[in-house]
Structure formats: structure tokens, C-alpha cells
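**Student:** Got a structure for you, written out below as C-alpha cells; questions coming shortly.
In our numbering, the protein residues as written are -12 to 158.
Right under this line is the structure:
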């Protein structure tokens, strides 16, 4: 049985968690794996960066459990650096029969700044800018190992008909 792994890609405040919620609603047999939630669970605060090895171990545990339960995975993290995506996709290659769908939110930096100001947990603007530069210099591409890569221009998220795409993602 083919498992489906959705990789969200974008700056902080680009709309990744909103996209994750849309995907989860469209795919009832799915699980959101969020690095922010993992940091909250491990360290008591999503803003605490913590030790990556601990976070990565929990990500791996949740991925293994979700696949064993027959769930699609929605990975909610910035995945802004090409090296981070390479590490993730490299580890996923070990899994048999896995469809990897990338979702790249192309939200302008100024919009991310504005949204960030309206968030409860704000990310420093220099961090948002660093991720924007990383994505500009090395945008995700299908040849990184994605089965599909969807680029979502700013303000187009609400126009996606997830129910129509759902049949393509069945396990």
C-alpha cells in the first residue's frame, strides 16, 4: 500500500499551518506532524529551538507510527533550507512505496512580516528574512525527490479544491 507524505515548505507566517489544516480536513486519514507542536510538547514552548536530535527523533517516531496506522502524513515545518529538505527526503527514501508531495507556499516577505505581527507566537523578522533568502537561493524542485511539487502563489491557497485532489492521494 502506498503511503503519502505531504511536505510543507515556506517561511514562518507563510500559511503552512493553514494549509496543513486544509489538507487534514480533506484527508481524514491523515496526521499533522508539526515541529512547533513537537517543541511545545518537548520543551513547553514552541519558540524554544531545543536540541535538534531530540526533535528529529520525535519526528521519526511520529512518522513511523503514522505510516504503521495507515495514515497520510502532513509535515508542517519550514523546510526552507535545501540541506534540511535533502536530509528529510533522504530518510524517506528508506521507506518503501512512499509518495512525497511538496507544497511550496510562495508568500511575499512583507506579507509574512505582517502576518507574523498578528500571531500569538512571533518569529523574529531576521529569522523570517533568513528563510526567505534560503528559499530564494535554493527553491524546492521536483528533482530533490518529490513525487509531486505544488507551488502555491500568494493568495491562491483558498482557490485549491482539495476534495478534487483527494482521490489522487488515497493510500
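Heads up, the beta-carbon is just placed ideally off N, CA and C, and yes, glycines get one too.
Please name the residue in 108, 50 and 129 whose C-alpha comes closest to that of residue 90.
**Tutor:** Numbered from its first residue, the chain shown carries residue 90 at position 103. With distances taken between Cα atoms, residue 90 lies closest to 129.
**Student:** Looking at residue 88: is its Cβ nearer than 8 Å to the Cβ of residue -7?
**Tutor:** Numbered from its first residue, the chain shown carries residue 88 at position 101. Numbered from its first residue, the chain shown carries residue -7 at position 6. Yes, Cβ-Cβ distance for residue 88 and residue -7 is below 8 Å.
**Student:** For residue 63, which beta-bridge partners are listed by DSSP?
**Tutor:** Here residue 63 is taken as the residue at index 76 of the chain shown, counted from 1. Residue 63 pairs with 21.
**Student:** Please report how far the alpha carbon of residue 15 lies from the alpha carbon of residue 139, in whole angstroms.
**Tutor:** Taking the first residue of the chain shown as position 1, residue 15 is located at position 28. Taking the first residue of the chain shown as position 1, residue 139 is located at position 152. Approximately 22 Å between the Cα atoms of the pair.
**Student:** Quick check: residue 60 and residue 42, are their CB atoms within less than 8 Å of each other?
**Tutor:** The residue labelled residue 60 in the question sits at position 73 within the chain shown. The residue labelled residue 42 in the question sits at position 55 within the chain shown. No, the Cβ-Cβ distance between residue 60 and residue 42 is not below 8 Å.
**Student:** Determine the extent of the alpha helix (DSSP H) in which residue 10 is found, giving its start and end residues.
**Tutor:** Here residue 10 corresponds to residue number 23 of the chain shown, with the count starting at 1. Residues 3 to 13.
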